[in-house]
Each structure stands twice: as structure tokens, then as C-alpha cells.
Amino acid sequence: MERIPILKMGEFLLVTIQVDMHDRLALQLQDDLTNRISQTGAKGVLIDISALDIVDSFIGRMLANISLMSRVLDAATVVVGMQPAVAITLVELGLTLPGIRTALNVEKGMELLRAYAAGVASGGGDGGANVGADGEGADGGPVR
Amino acid sequence: MAQNGAGRFADVLAKHEAQILEDWVADQRRAGGGRSLGRLSEAQMREEAAEFLRLLRQAVQQQAAAGAGGETDTDGPGWDAVREFLAGLSRSRARQGFSPTETAAFVFSLKQALFAHLAREAGGDADVLFAEVWQATTLLDQLGLYTTTVFQKSREEVIARQQEELMELSTPVVKLWDGILAVPLIGTLDSARTQVVMESLLQAIVDTGSAIAIIDITGVPTVDTLVSQHLLKTVAAARLMGAECIISGIRPQIAQTIVHLGVDLSQVSTKASLADAFLLALQKTGRGITRGAGAGVTSGAGPAA
């Protein structure tokens, strides 16, 4: 049975989805990934979906679930490289995935994970998270 | 009888063409009361009337010769020249600022002059006169309505072309700095436009690898729940791709509307002006602006006052 490989890079795990996701594969990935996180004690997970062209609501929900599960296991998750068409589809399906961190590519995703890990290690100092997908710039409203 | 009528109608037109023209022009001058004529010289009007009358006579004669009878069908090939002339007339009148009613009245006003001559030719025979008048009036009604159709069609063409142009010019994505994009939105956002904006913005994010996109809504006249929903969709899609959106150009009235409508923009950074948004974007990418050679004002920390 085919599986999606999970690579370990230091204290992070790297998942690259390069085949068409079908439902069984997604469930298998969810199983494998949670197991690997608890085995290795990884601090972060990076999921690269740049090769994923088609998503449906099930796969979208699986992505959300996987990252929420990782978070429960104390590993930050970043989804990187989402295609424009996939992003539009997910938004139209109402799956804005509010709990997930995102980045444009693997490089920026790694940077984000390192910044996050450094922030956790130094007790929440300013880790220079300048690639942040959720910056702290929510100084709401048009104040002048 | 109908056959007879068609032939007679053509004969009357041929025999009294000059006199009918005179009467018709005089009628129009009276009906216009100088108002419409102000925009159109009498010589020009007379020229157009003569041309129309000539083409009408040819078409009617052709029809009578072919033995088509009393059935008047102005869609037929014999009427191509008349239709073409009327289409040109309708367009030029529309350009000169005439209403479609006035253009149609040009054709309808021929009735009075024409009927007078038909009556004279028919003598006292009421049946013959009725058949002829009926045929003439059907014909002229069709031709008059045709000018209105052409008018409307040319208007619709203009509207369609403008819509197309609007679609094309409405979605530029500009690069403000390395890693910072801006989308100045102009005009009302509907579903179709949001789709176009979203697609071009997301594609630009992929192409340039930008982490921050500024959506400037200074040119959006009104923001209702639908528009804000579309905006939030775009923001969510960009976020899914790993780019952050800042919404700028929110005018005071729009800020009030958004709060009154209960739209939740707390997940999005919002700024009053594009300049403020740009400054925020620079800060988020670890940059700042300094004045002069080192001694200037740094805008590194803290929000703009």
C-alpha cells in the first residue's frame, strides 16, 4: 500500500505530498504523522502541498485536522505552497482553515518554524518572526 | 383587392413623390416647432426625407412587380436598402442627441402626407382607401419601430463594450516593493469581479513570492455585507497560500458602515490610507524608512501617529 513519506529534519518533520490525495491516503497520513510526532518529539511539522492540484472538502478538513492534532502534540504546523486554485476552492467551500499557519514555499515555511521554535525556547521573546502569516499587527480600525 | 392595393400604393408613391416630399417636410417643420430643427438643418432633413422616400418607393415597386401582394414584410431582402438607410439615420440621430421617439416620429410623420394623396387617388371608394391605408400604415409602423430597435441595439453594444473594458482595467496587481504587492480596487465589487481579483492576486503572489498584499479599497464606493464577504474571502485565500493581507483606504463612512453591519474584520490588519499600510508592510518584512543620510527619522517602531 502506498504511503506518503515523512522525513525527519532535525527537530522538524517534513511531509511532501506529491501524489493525488485520496481519502484512504489522507487517513493513513494522519495516522503515520501523529505516531511519528510522538516518537520523535518533533517541534514542528511542515506540509508541502505545492504539487496538489485538486482538493475536496474531505481533504481540506483532513489538512485542518492534521495540523490541529500536531498542535495538540505540541508541534507547530505550517502548510506551504498551496496553489491559487486550491486556495480559492477551499475558501469557496468555506474551509478557511483558521488554525493553520501557512507560508509561500518550503524555505519560508522552515524560517517560520525556526522562528516559532526559537520563540518557544526563549519564553516567547520576539523571535524576529518577519515571515509571519499571523503578525501581531492587528491594531484594529482606521485610527489616525 | 390586396394585390390591387399594393400596386396602387406603389403608383401613388411614384406619381406624387415630389409633392409628398414637400408636404412631409412641411409637416415635420410644423410638428418640430423649431425645437428639433435647431439641431438639424432643413436642407439636411429634406435630403434625408427625399432619400428615404426614394428607397421606400423602390422597395414598394419591387414588391408590387414581384406580385407579393398586400403582405408587407420589411424583413425581406427587397427592403435591405431601406433598413440600411434607417439604421444609419437612427445612429446619426442618436449621436446628435435626438431621442428614439423623435427618430421614430420622423418615419411616422410621413403618414399624414401619404394618406392625403392616397385618399385623393382612391376617389370616394372607402374599401380601396381602407386597404391602401392599412397597408401603408403597417409598413410605416414596422419601419418606425425598426429605427427604435437599431437605437436600442447600438446602446446595448456600447454598454457591453464598456462592461468589458471595465473588467479589463479593474484588476491591476502592482508590486510596491520586493515581497509587497498592492491591489487598488476601483468600483463596486460583485462576485464576478471578486473572482477575477482573487485569481490575479493569488497568481501574482505565486509569481513574485510576495508575503504581503495590500488591498486598497479607496475606489470602492460602498461596502455592504456582500462586498465585505468577498473581501474576506480574498484575504482568506491569500492567507491559505501563505501571504498576509492588509486592507487599506477605508473611509470614515465605510468604517461606520462596517461596524453597523457587524462585519468582523478583527482577523485582518486595516489601515486608513495606503501609505500607512505600506509602512506596516515594510515593518513586517523587517524594513524601515529613513530620511536623509542616516540622521533622519526612523519609522521602525510603533504605529504611525
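Here the protein sequences line up with chains X and W, keeping their order.
If you're matching positions, the first sequence starts at 0 in numbering that gives the first Met the number 0 and goes up one per residue.
If you're matching positions, the second sequence starts at 0 in numbering that gives the first Met the number 0 and goes up one per residue.
Note that CB positions come from ideal geometry on N, CA and C, so glycine has one too.
Between X/Ser66 and W/Ala236, the alpha-carbon positions lie close to 18 Å from each other. Approximately 6 Å separates the beta-carbon atoms of W/Ile249 and W/Ala271; this is inside 8 Å, confirming the contact. Comparing alpha carbon positions, the residue from W/Thr289, W/Ser227 and W/Arg286 closest to W/His259 is W/Ser227.
Contact between W/His116 and W/Ile185 fails: their C-beta atoms lie close to 59 Å from each other, not under 8 Å. Where W/Leu175 is concerned, the enclosing beta strand (DSSP E) starts and stops at Val173 to Trp176. Relative to the Cα of W/Leu138, the nearest Cα in the group W/Ile158, W/Phe114 and W/Pro251 belongs to W/Phe114. Residue pairing by DSSP places X/Phe11 opposite X/Met8 and X/Gly43 in a beta bridge. Leaving aside the five residues that flank X/Ala41 on each side, the residues in its chain whose CB is nearer than 8 Å to its CB run, in chain order, Lys7, Glu10, Phe11, Leu12, Arg35 and Ala74.
According to DSSP, residue pairing for W/Thr269 in a beta bridge involves W/Ile246.
Within the stretch 23-49 of chain X, not one residue has a Cβ closer than 8 Å to any Cβ of chain W. Burial state of W/Phe129 is exposed, judged by a 10 Å Cβ sphere holding fewer than 16 other Cβ atoms. Shortest Cα-Cα distance from W/Met240 to any of X/Ala116, X/Ser49 and X/Thr15 involves X/Ser49.
When the beta-carbon positions are compared, X/Leu112 and X/Val71 stay at least 8 Å from each other. In the displayed model, W/Asp79 falls within a helix according to three-state DSSP. In this structure, the CA atom of W/Ser209 is about 12 Å from the CA atom of W/Leu281. Between the C-alpha atoms of X/Val90 and W/Leu279 there is a straight-line separation of about 26 Å. The DSSP assignment places 211-218 as complete runs of the beta strand (DSSP E) inside the stretch 188-246 of chain W, in order along the chain (cut-off: 3 residues). The DSSP-derived three-state label of X/Arg100 is strand. Within the same chain, Cβ atoms closer than 6 Å to the Cβ of X/Asp47 are found at Thr15, Val79, Gly80 and Val105, the five residues on either side in sequence being excluded. Residues of chain W with a Cβ closer than 7 Å to the Cβ of X/Thr101 are, in chain order, Arg238, Leu239, Met240 and Gly241. In chain X, no part has a C-beta under 7 Å from the C-beta of W/Lys174; the shortest such distance is about 15 Å.
With fewer than 16 other Cβ atoms inside 10 Å of its own Cβ, X/Asp30 counts as exposed.
At least one beta carbon of chain X lies nearer than 8 Å to the beta carbon of W/Gln202.
Just so you know, the alpha carbons of W/Val59 and W/Thr170 end up roughly 54 Å apart.
Under DSSP, W/Thr147 forms no beta bridge with any residue.
Between W/Leu273 and W/Asp215 a beta carbon distance of about 5 Å is seen, short of the 8 Å cut, so the two are scored as contacting. In the three-state scheme derived from DSSP, where H, G and I count as helix and E and B as strand, X/Val85 is classed as helix. Below the 9 Å Cβ cutoff, chain X contributes no neighbours of W/Glu50, its closest Cβ being approximately 57 Å away. Between the stretch 21-30 of chain W and the stretch 80-89 of chain W, the count of Cβ pairs shorter than 8 Å is below three; the stretches do not touch. X/Thr95 is not bridged by DSSP to any residue.
Counted as a single uninterrupted DSSP element, the alpha helix (DSSP H) harbouring W/Val258 occupies residues Pro251 to Leu260.
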